[in-house]
Amino acid sequence: MGKQEQQQILKILEETYRGSETALKFGSLFQLLVAVMLSAQTNDNQVNAITGQLFARYATAADFASLTPAELEPLISSCGLYKNKAKNIIAAARMICEKYGGEVPADKEALVKLPGVGGKTANVILSVGFGIPALAVDTHVFRVANRLGLAAAKTPEQTETQLCALIPKQQWGDAHHWLIWHGRKVCKAQHPQCNQCPLENLCPSNQGQSN
DNA sequence: ATCCCGAGGG
DNA sequence: CCCTCTGGAT
1296 MGKQEQQQIL KILEETYRGS ETALKFGSLF QLLVAVMLSA QTNDNQVNAI TGQLFARYAT
1356 AADFASLTPA ELEPLISSCG LYKNKAKNII AAARMICEKY GGEVPADKEA LVKLPGVGGK
1416 TANVILSVGF GIPALAVDTH VFRVANRLGL AAAKTPEQTE TQLCALIPKQ QWGDAHHWLI
1476 WHGRKVCKAQ HPQCNQCPLE NLCPSNQGQS N
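Using the working numbering, the first residue of the first sequence is number 1296, and each one after it goes up by one.
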């Protein structure tokens, strides 16, 4: 896979998925943080199904900091992993109140120190929340980047490094969404829809390609 | 049965 | 590196 083909793939991804953005609903940076924390190992619809009511009742970091796990758990249980998520969301809310005046910090080092916030979540907050260039690598980005030959990575960290070297900084946030949506709609984990893929003839993982 | 915009702990 | 946490959709 040469650099020429990689740039061609990126161009087609951009044309196909231009303008795509997060499906998560949120009304503030802190709500974005909660929504992304809830999204682990579930899908956007499951998160959006509960955050409407949740954020109407509890909107700010201070609101969540005042909750106990026993209070929050039943409100988020439908998203799965709910004990860890409840504990982490409350602990992160308290740390944000104590250390950052109730505002989500615009700094990756600080974000990653929040309980339950790892590299992927931190990068989503930076790029989607603050407009700071960052390329979040989730399960879709990891899988799709490897399949398309945009990366040859064994870990999400390697994927991030390799993609960032390939893509201009101002497109990191957009590229994250191109790969997410391509992974969700076409390049699925189980049964990739290669026959309706705009990259069918460029993808090194497509066995049935015509060229 | 498998996957979903992961992270922390052992 | 592996395991665990977890419900809901397909």
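Every residue gets a Cβ at the ideal spot worked out from N, C-alpha and C, and that includes glycine.
- Item | Residue environment, Q1326, which counts as buried when at least 16 other CB atoms sit within 10 Å | Start at 1 with the first residue of the first sequence, and residue 1326 comes out as number 31. Classification of Q1326: buried, given that the 10 Å Cβ count is 16 or more.
- Note down the Cα distance separating C1374 from R1442, rounded to an integer number of angstroms. As a position in the first sequence, residue 1374 is number 79, starting the count at 1. As a position in the first sequence, residue 1442 is number 147, starting the count at 1. Roughly 28 Å separates the two Cα atoms.
- Query: Hey, is the stretch 1337-1349 in contact with the stretch 1302-1310, meaning 3+ C-beta pairs nearer than 8 Å?
  - Reply: Contact between the stretch 1337-1349 and the stretch 1302-1310 is not established, with fewer than three Cβ pairs separated by less than 8 Å.
- Query: Just how far apart, CA to CA, sit C1492 and A1330?
  - Reply: Locating residue 1492 in the first sequence gives position 197, counting from the first residue. Locating residue 1330 in the first sequence gives position 35, counting from the first residue. In a straight line, the C-alpha of C1492 is about 30 Å away from that of A1330.
- Please state whether DSSP places P1410 in a helix, a strand or coil. Position 115 of the first sequence, counting from 1, holds the residue named residue 1410. Here P1410 sits in coil by DSSP.
- Query: So what's M1296 in DSSP terms, helix, strand or just coil?
  - Reply: Taking the first sequence and counting its residues from 1, the one referred to as residue 1296 is at position 1. In this structure, M1296 counts as coil in the three-state DSSP scheme.
- Rounded straight-line distance, which links the Cα of A1405 to that of I1475: As a first step, residue 1475 is located in the first sequence; it is residue number 180 there, counting from the start. As a first step, residue 1405 is located in the first sequence; it is residue number 110 there, counting from the start. If you draw a straight line from the Cα of I1475 to the Cα of A1405, it comes to about 25 Å.
- Task: Would you be able to state if there are at least three C-beta pairs under 8 Å between the stretch 1296-1304 and the stretch 1443-1454?
- Result: yes
- Report buried or exposed for V1481, applying the criterion of at least 16 other Cβ atoms within 10 angstroms of its Cβ. The residue given as residue 1481 occupies position 186 in the first sequence. Buried, since its Cβ has 16 or more Cβ neighbours within 10 Å.
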